[in-house]
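Here the structure is laid out as structure tokens; the discussion comes afterwards.
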Amino acid sequence: MIKQLMPVELPEDLCWWFHPDFCEIDPLAKCDEERGYTAEEWNLLQANGNIDISIDTSIDLEIIDPNANGEWTGFKPVSPTPEHFLIASFDSEHLDSAILWWAKPRNTINSFINDSGFDQAFKDVFDLPDSVKQSLKEVS
1 MIKQLMPVEL
11 PEDLCWWFHP
21 DFCEIDPLAK
31 CDEERGYTAE
41 EWNLLQANGN
51 IDISIDTSID
61 LEIIDPNANG
71 EWTGFKPVSP
81 TPEHFLIASF
91 DSEHLDSAIL
101 WWAKPRNTIN
111 SFINDSGFDQ
121 AFKDVFDLPD
131 SVKQSLKEVS
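What the sequence shown shows, in the numbering used here, is residues 1 to 140, in sequence order.
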């Protein structure tokens, strides 16, 4: 089932937090192995949520959790763009940084226009001259 994962209100403590609907889209939700995603599973995770995921590891854990006690209370991460929303935040024994998973919905009107889908749709349906398509694009 394809589900559109949507933003939710974030908790006060983001240490080891996952979006409440994450298990519904995660192909490893019922997997008992401790391992990462295969490329196929990673693509399926994103397809199931109708999202594209960006991973940010740029924030040093000492800034978020100076006492190293596993509490990220008050940490308010900033999304890379207004369209992105947080779906996971955790740390790893392999990195000295927070791991933030940012999701961006697929198939939005903005991505449709930016990826020239708007122009192609008009050409396919109406085959309008480029000048007319440009005028319509400017007013939309």
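Backbone N, C-alpha and C fix where the C-beta goes; we use that ideal spot for every residue, glycine too.
Requested in this report: Could you tell me the boundaries of the alpha helix (DSSP H) in which alanine 39 lies?
Outcome: As a first step, residue 39 is located in the sequence shown; it is residue number 39 there, counting from the start. Where alanine 39 is concerned, the enclosing alpha helix (DSSP H) stretches over 39 to 49.
Report task. Return the bridge partner residues of aspartate 32 from the DSSP annotation. Result -> Working through the sequence shown from its first residue, we reach residue 32 at position 32. Aspartate 32 is not bridged to any residue.
Report task. Please report how far the alpha carbon of asparagine 43 lies from the alpha carbon of aspartate 26, in whole angstroms. Result -> Start at 1 with the first residue of the sequence shown, and residue 43 comes out as number 43. Start at 1 with the first residue of the sequence shown, and residue 26 comes out as number 26. Distance between the alpha carbons of asparagine 43 and aspartate 26: 10 Å.
Query raised in the report: Just curious, the alpha helix (DSSP H) that leucine 136 is in, first and last residue?
Result: Residue mapping note: residue 136 aligns to position 136 of the sequence shown, counting from 1. 130 to 139 is the extent of the alpha helix (DSSP H) around leucine 136.
Query raised in the report: With C-beta atoms as the reference, is tryptophan 72 less than 8 Å away from leucine 86?
Result: Counting from 1 along the sequence shown, the entry for residue 72 is found at position 72. Counting from 1 along the sequence shown, the entry for residue 86 is found at position 86. No, they are not a contact pair.
Query raised in the report: Under three-state DSSP, which class holds lysine 76?
Result: Translated into the one-based positions of the sequence shown, residue 76 becomes position 76. It is coil, neither helix nor strand.
Query raised in the report: Three-state secondary structure (DSSP) at leucine 157?
Result: With the chain covering 1 to 140 only, the question about residue 157 has no answer from this structure.
Requested in this report: Could you pull out every residue in the same chain whose Cβ sits closer than 6 Å to the Cβ of asparagine 48, ignoring the five residues on either side in sequence?
Outcome: The residue labelled residue 48 in the question sits at position 48 within the sequence shown. Excluding positions up to five away in sequence, the list reads Ile25.
Report task. Over the uninterrupted beta strand (DSSP E) stretch that includes leucine 14, give me the two end residues. Result -> As a working note, residue 14 is residue 14 in the sequence shown. Taken as a continuous stretch (DSSP letters only), leucine 14 belongs to no beta strand (DSSP E), as it is neither H nor E.
Query raised in the report: DSSP on aspartate 127, reduced to helix/strand/coil?
Result: What you label residue 127 is simply residue 127 of the sequence shown in a count that begins at 1. Coil.
Query raised in the report: Within 10 angstroms of its Cβ, does histidine 84 collect 16 or more other Cβ (buried), or is it exposed?
Result: In the sequence shown, counting from the first residue as 1, residue 84 sits at position 84. Answer is buried; the Cβ neighbour count reaches 16.
Requested in this report: Determine the DSSP secondary structure at alanine 88, reduced to helix, strand or coil.
Outcome: As a first step, residue 88 must be located in the sequence shown, where it is residue number 88. Correct three-state label for alanine 88: strand.
**Report entry** Selection from Val132, Ala98 and Phe22 that minimises the alpha carbon distance to leucine 5
**Finding:** Here the question's residue 5 lines up with position 5 in the sequence shown. Among Val132, Ala98 and Phe22, the Cα nearest to that of leucine 5 belongs to Phe22.
Query - Exposure label - leucine 100; buried when at least 16 CB within 10 Å - result: Along the sequence shown, read from residue 1 onward, the residue named residue 100 stands at position 100. Buried, by the Cβ-count rule.
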